[in-house]
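Residues 20 to 264 (the working numbering) make up the sequence shown, in order.
Note that beta-carbon positions come from the ideal geometry of N, C-alpha and C, so glycine has one too.
Take a look at the structure below.
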Amino acid sequence: VGHNGIDYGLPEGIEVLSCDTGRVIQSGDNGDYGNSVTLQHAWGTSIYGHLKETKVSVDQEVKAGDLVGIPGQTGYVTGPHLHFGIKPSDADLNKGYLGFVDPSPYLSQVPQSPISPESPPSPPSPLPPEPQIIEKIVEVEKEVIREVPVEKEVIKEVIKDISEEKFRAKIVENQNLGNLAKKAKHDGNLNRIMQTAQEKKTISNSEVRELLHVSQSTATNYLNTLVDRGMLKADKKAKATVYIY
């Protein structure tokens, strides 16, 4: 239950490529995923979330390594990254999140194919500074401190600034933790709705309100999110909309 997938910290401008041959079944705004692309493969589906922009259209056929989008920080995020997840055809909704599971074991089974001229390799991550460089910087800092006389009041002001900076950093940290907790609760509620829909084959707004003890508008938002992600289908023929699994 909750977040299942891999988050890659990628700078904007890096290309996001398809993990396998498939067909585009979703491209564009996708609720918490922001701009995302969802591909249907012979073995299941894969999703690429929080994109700055998508580069494919629904029903388009793609091959492994084809460009599908550019990473960004759209949707429910705390920073720029790419969310990658997979949902096998035989997915168990009682495991993972809405059938999506940790893709790591599957990625280790995929043979490495040669890189085509059209898809140049991503630039390597910048290496950390060498120890010698770090030592040199520290030596320079010590030399500056020895050369420049520092008054006691200046030292007190520096300490005060450091304390305020730590305080502000703590506030940001708490805000991020709060956002993660809200997202975990939101994802957990979506999973409960899908489990009920899977068991009963259909679910309604009133059933979601009773299940989660939420308002009608909140239940509608949950259901619309699942419809946008292709998890449920809305049948509006009846007096009250019914959502079909």
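Check, Outcome
"Given a threshold of 16 other Cβ atoms within 10 Å of its Cβ, counted over all protein chains shown, does residue 97 qualify as buried or as exposed?", "exposed"
"Are residue 122 and residue 62 touching if we call contact CB-CB under 8 Å?", "no"
"Note down, in chain order, each residue of its chain lying with its Cβ closer than 6 Å to the Cβ of residue 195, except the 5 sequence neighbours on either side.", "97"
"State yes or no: is the C-beta of residue 50 within less than 8 Å of the C-beta of residue 247?", "yes"
"Going straight from the alpha carbon of residue 53 to that of residue 200, what length do you get?", "19 Å"
"Just how far apart, CA to CA, sit residue 5 and residue 235?", "Nothing can be reported for residue 5: it is not among the residues displayed for the chain, which extend from 20 to 264."
"For residue 57 and residue 261, I'd like the C-alpha separation in whole angstroms.", "24 Å"
"Under a Cβ-count criterion, where at least 16 other Cβ atoms within 10 Å of its own Cβ denotes burial, should residue 77 be classed as buried or exposed?", "exposed"
"According to DSSP, simplified to helix, strand and coil, what is residue 42?", "strand"
"When the Cα atoms are used, what is the spatial distance from residue 28 to residue 212?", "30 Å"
"Starting from residue 92, trace the alpha helix (DSSP H) both ways and give me its first and last residue.", "Element bounds for residue 92: n/a, residue is neither H nor E."
"How many angstroms separate the CA atom of residue 216 from the CA atom of residue 210?", "10 Å"
"Leaving aside the five residues before and after residue 131 along the sequence, list all residues of the same chain whose C-beta is less than 7 Å from its C-beta, in chain order.", "Because the pLDDT at residue 131 is just 49, under 50, the model does not fix this residue reliably, and the point stays unresolved."
"Report the three-state DSSP secondary structure of residue 79 (helix, strand or coil).", "coil"
"Residue 72 and residue 88 look like a contact to me (Cβ under 8 Å); what is the Cβ gap, rounded to whole Å?", "6 Å"
"Under the rule that 16 or more other beta-carbon atoms within 10 Å means buried, what is residue 124, buried or exposed?", "exposed"
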